[in-house]
Amino acid sequence: MPRRRLFRAAEAALAVLLLTVGTACGSRLPESDFEHRERATPAQDDTPIRVGIVTSATSPVGGSAFTGPRDGAKAYFERLNARGGVHGRRIEVRECDDGGSGVGNNTCVHRLIDEDKVVALVATTALDYAGASRVSHARVPDIGGQPIGAAYDTWPHLYGIYGSLAPRNGTTGWGGKQYGGTEVYRYFKREHGARTAAVVSYNQAASAAYARLVEQGLKAEGYKVVTEQVDFALPNFRAAAADLKDQGADLVFDAVDSHGNAQLCEAMDAAGVEVTAKVTNVQNWTSTVPDDYRNAPRCRNALWATGSSRNYEDTDHQAVREFREATKSLKTHSQWQLEGWAAAMWFTDAATSCAAAQGVTRACVDAYMNRSRDHTADGLLLPVTFQRLAEPPKSRRTCLSVARWKDGRGWVSQGDMDDTCFDVPQLAYRQ
């Protein structure tokens, strides 16, 4: 069964939630654009296999916010080509930067699918995946994308990196609601005795909405919840930090942007706040922590990250070693890079399943993905499955990967993700 954290899609978008309000929602391409598309046909044995990667590389949130999955996927394909490709055919990557807008995303989808005629999309990381319905309409498999929005729980032929149990029939989740578990909150309660958790947000709609989702999960696990809201324009993080100290918070979750997180940590250090964990998400699980939190050494060393993939620092694991060796030229490393690598591996497994004589086609790759059960990318991912359940599960056994930042050592894994598992309720939410 796939392991998905509570509000995964909402959490993946946390770093951009304050900027999406002004982002163009995109325009719908007419269906006629797809009526006369050519079908992907088997190619000669030496013809490259084309795949597309859509990334919001120049989005309003900056050039590096979404590039991790792309860089990881490209590294995998470069390594694969050096070893002979798939059935002797090299992988040709066609990239498209959608600029973080819906209009740009639709343009990328049209170009890659109808002009470049890619077999599949891989490691999609889009701020506004406006073209998702067009990808589905064209029956192009989208493999291992990051669920920043609800697309991967909405459309068939889209296969997010964490899997899905939803019907995916054009309606998000079940009746417009998605579901996720409380395993993160259960972990800190069971393993570290946490009882009081704080949630810090801005007085801004998207930030406040996300904070309510976190609060819902914490309360379901029996926590005393302390809410701290600061002004978006002139945030007083020092006042919030002082109250965190007075309230005796064990954990701190947040619904603020990356810059706000750094300011919050500085304020916590200045106020002498000591917590069991300052919990962040997989998007911030990177090697840039020393720079991002350079003025908050105490808070920096209280940073914890949770996710559904193996820590990119776990070089004792063979698959992680292969990833690190292939990406050693990159200036920084991140968990999203590792997940992009896993997405490319997943496509390769699907492409390899196609008979060499018939060629690698969209239909063949999609059929492999549609029947995927407990895929782990050689142990890099918690088992991922795609099913179409008529009703949402009320509870599930869910596992998670946990790491803690320590100066001089980086992200240190806290137990094995395959053994850190809990039976937790599934709570409904809307994006």
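Per numbering that gives the first Met the number 0, the sequence shown runs over residues 0 to 430. Ideal placement from N, C-alpha and C gives every residue a C-beta, glycine not left out. Note that the structure is predicted; figures quoted are calculated from it, not measured.
| Query | Result |
| --- | --- |
| At least 3 beta-carbon pairs within less than 8 Å: the region 47-57 vs the region 81-101 | yes |
| Cutoff 9 Å: S58 Cβ touching any chain C Cβ | Considering every chain present, this structure includes no chain C. It has just one protein chain. |
| Endpoints, the beta strand (DSSP E) within which G144 is located | 141-144 |
| Residues near T314 by beta carbon distance below 8 Å, same chain, minus five either side | R320, R323 |
| C-beta contact flag for E265 and A295 at 9 Å | yes |
| Beta-carbon gap between A376 and M416 smaller than 9 Å | no |
| Inter-stretch contact at 8 Å, needing at least 3 Cβ pairs: the region 241-256 / the region 162-171 | no |
| Neighbour-count burial assignment, H258, 16 or more Cβ in a 10 Å radius | exposed |
| Collapsed DSSP secondary structure at A131 in the structure displayed | helix |
| Residue burial classification, S308 (beta-carbon count within 10 angstroms, cutoff 16) | buried |
| Inter-stretch contact at 8 Å, needing at least 3 Cβ pairs: the region 166-179 / the region 194-206 | no |
| Opening and closing residue of the beta strand (DSSP E) in which D96 lies | 90-96 |
| From F421, T106, V134, residue whose alpha carbon lies closest to that of D365 | V134 |
| Alpha-carbon to alpha-carbon, R299 and V288 | 7 Å |
| Neighbour-count burial assignment, V411, 16 or more Cβ in a 10 Å radius | exposed |
| Local Cβ density within 10 Å of T285, reported as buried at 16 or more and exposed below that | buried |
| Element boundaries [beta strand (DSSP E), containing W404] | 400-405 |
| Range covered by the beta strand (DSSP E) that runs through A341 | No beta strand (DSSP E) holds A341; the alpha helix (DSSP H) holding it covers 334-351. |
| Exposure of V20, with buried meaning 16 or more beta-carbon neighbours within 10 Å | Legend: pLDDT at V20 = 37, less than 50; position of this residue unreliable, value from coordinates given subsequently. The residue is exposed, with fewer than 16 neighbouring Cβ atoms inside 10 Å. |
| Outcome for R293 when other beta-carbon atoms lying within 10 angstroms are tallied against a minimum of 16 | exposed |
| For C363 and N235, the rounded distance between their alpha carbons | 55 Å |
| Proximal residues to F76 (C-beta, below 6 Å), its chain only, five neighbours per side dropped | I90, V92, A343 |
| C-alpha distance - V117 paired with A137, whole-angstrom precision | 11 Å |
| Cutoff 8 Å; reference C24; Cβ partners in own chain excluding five residues on either side | For C24, the predicted structure reports a pLDDT of 34, less than 50, and the residue's modelled location is therefore unreliable. A value from the coordinates is still provided. G101, D127, A129, listed in sequence order. |
| Assigned secondary structure, A64 (DSSP; H/G/I helix, E/B strand, else coil) | coil |
| Contact check, T326 vs G71, beta carbons under 9 Å | yes |
| Euclidean distance between Cα positions of Q413 and D113 | 46 Å |
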